[in-house]
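Undergrad: Residue numbers (the numbering used here): 96 to 409.
Ideal Cβ placement from N, Cα and C applies to all residues, glycine included.
See below:
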């Protein structure tokens with residue numbers, strides 16, 4: 096005879112009750128199992144934000160201000176998004192760490208920047224900055240003077256006195272390229288190796304609020320190289336040590352002198368043994384005095400400058 100059981104009959108059986116209980120426990124344990132390694136990281140992953148964002152104004156005008164932005168990337172981004180007053184201004188390469196914003200209108204502005212990589216976006220970093228129609232740093236220095244020395248590959252020396260407006264740093268920019276920093280409180284800057292002619296250059300000063308001065312373009316006066324003829328080792332005097340120093344280089348290949356004209360004791364346009372003899376004669380015999388030899392430094396009296404780094408150490 097066939098027997099039929101309902102679902103209630105089965106659930107009522109002791110064995111079935113135990114099976115149902117075990118299945119319920121298994122489901123509960125699956126629900127509360129920890130997520131696989133790495134899964135939580137994916138959920139919580141956020142791109143590091145940009146830091147050290149600064150805003151500086153380089154040039155001025157009612158609608159053509161040049162604003163310089165710089166920052167430190169928090170990680171490697173694919174794209175950087177620049178915002179001005181909440182409006183997306185540009186998309187930049189994710190590796191960039193500075194940007195020149197041109198044509199920024201005068202007024203209070205909010206500059207924002209955030210990084211993006213795939214679907215992930217970093218937090219927006221903002222800096223408020225007032226774009227000015229003219230520089231508030233109108234007189235950073237006074238009495239600017241410039242000298243150009245053709246010797247030693249060309250040297251420019253700019254001096255000044257402090258002006259009415261305080262500044263925290265400065266820079267000398269040669270052409271559109273090299274930039275040399277000027278320390279706070281400095282009253283001069285010297286740049287060597289600028290070439291055989293006075294290069295195109297300008298000086299800027301910057302205050303702590305982020306505003307540059309207008310460009311300062313000094314007019315440089317040509318200066319002749321100063322040296323003491325016969326002072327081959329540049330110690331400030333003419334002595335037997337100069338003759339020995341010159342001989343050591345000429346015949347033993349030792350240290351070379353800095354100023355060719357100082358070692359050209361007889362001023363014949365060459366450096367050789369005859370210059371050593373001239374120095375020895377001057378030191379021990381008081382004769383054959385080096386041509387143009389004076390107790391103080393001076394320029395070459397004959398227009399045949401040989402080159403080198405010539406200066407008076409004493």
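#1: Give every residue of the same chain whose Cβ lies closer than 7 Å to the Cβ of residue 349, excluding the five residues on either side of it in the sequence, and list them in chain order.
#2: Tell me, please, which residues DSSP counts as bridged to residue 188.
#3: Count the other CB atoms, across all protein chains shown, that sit within 10 Å of the CB of residue 175; report buried if there are 16 or more and exposed otherwise.
#4: State the CB to CB distance for the pair residue 286 and residue 258, rounded to an integer number of angstroms; the pair is presumed to be in contact (CB under 8 Å).
#5: What separation, rounded to the nearest whole angstrom, lies between the Cα atoms of residue 251 and residue 218?
#6: In terms of residue numbering, what span does the beta strand (DSSP E) encompassing residue 269 cover?
#7: Can you have a look at residue 313 and say buried or exposed, based on whether 16 or more other CB atoms are within 10 angstroms of its CB?
#8: Give a yes or no on whether the C-beta atoms belonging to residue 335 and residue 378 are separated by under 8 Å.
#9: Throw me the rounded Cβ distance for the residue 274 and residue 301 pair, which I believe falls under 8 Å.
#10: Check the DSSP bridge columns for residue 222 and list the partner residues they point to.
#11: Just tell me which of 204, 157, 255 has its CA closest to the CA of residue 242.
#12: Run through DSSP, which three-state label would residue 353 get?
#13: Closer than 6 Å by C-beta to residue 193: which residues in its own chain qualify, once you throw out the five before and the five after it? Chain order, please.
#14: With a threshold of 16 other CB atoms inside 10 Å of the CB of residue 308, please say whether the residue is buried or exposed.
#15: From 327, 261, 206, 332, pick the residue whose C-alpha is nearest to that of residue 179; which is it?
#16: Can you name the start and end residues of the beta strand (DSSP E) that residue 343 belongs to?
#17: Roughly how many whole angstroms lie between the Cα atoms of residue 105 and residue 211?
#18: Just the C-alpha distance for residue 149 and residue 249, rounded to the nearest angstrom, thanks.
#19: Compute the Euclidean distance between the alpha carbons of residue 156 and residue 170, then round it to the nearest angstrom.
#20: Ignore the nearest five residues each way along the sequence and tell me which others in residue 177's own chain have a CB closer than 8 Å to its CB.
#21: Following a CB-centred definition, is residue 216 positioned closer than 7 Å to any heavy atom of the ligand COA?
#22: Between which two residues does the beta strand (DSSP E) harbouring residue 236 extend?
TA: So, from the listed chains and residues:
#1: Here the set comprises 343.
#2: Partner residues in the beta bridge of residue 188, as assigned by DSSP, are 174.
#3: With 16 or more Cβ atoms within 10 Å of its Cβ, residue 175 is classed as buried.
#4: The Cβ separation is near 21 Å, so there is no contact.
#5: In a straight line, the C-alpha of residue 251 is about 47 Å away from that of residue 218.
#6: Run containing residue 269: 264-269, per the beta strand (DSSP E) assignment.
#7: Burial call: buried.
#8: A distance below 8 Å separates the beta carbons of residue 335 and residue 378.
#9: Actually they are not in contact, since the Cβ atoms of residue 274 and residue 301 sit about 12 Å apart, beyond 8 Å.
#10: BP columns for residue 222 point to 206.
#11: If you compare the alpha carbons of 204, 157, 255 with that of residue 242, the shortest gap goes to 255.
#12: If DSSP states are grouped into helix, strand and coil, residue 353 belongs with coil.
#13: So the qualifying residues of the chain are 165.
#14: With 16 or more other Cβ atoms within 10 Å, it is buried.
#15: Answer by Cα proximity: 206.
#16: Looking at the DSSP string, residue 343 is not in any beta strand (DSSP E); the run it does join, the alpha helix (DSSP H), is 335-347.
#17: Legend: pLDDT at residue 105 = 42, less than 50; position of this residue unreliable, value from coordinates given subsequently. Answer to the nearest angstrom: the Cα atoms are 60 Å apart.
#18: One alpha carbon belongs to residue 149, the other to residue 249, and they sit about 35 Å apart.
#19: Linking residue 156 to residue 170 through their CA atoms gives a straight-line distance of about 36 Å.
#20: So the qualifying residues of the chain are 164, 183, 184, 185, 186, 187, 194, 196, 206, 207, 208.
#21: Inclusion of the ligand COA in the displayed structure is not the case, the ligand content being empty and no account of it being possible.
#22: Run containing residue 236: 236-244, per the beta strand (DSSP E) assignment.
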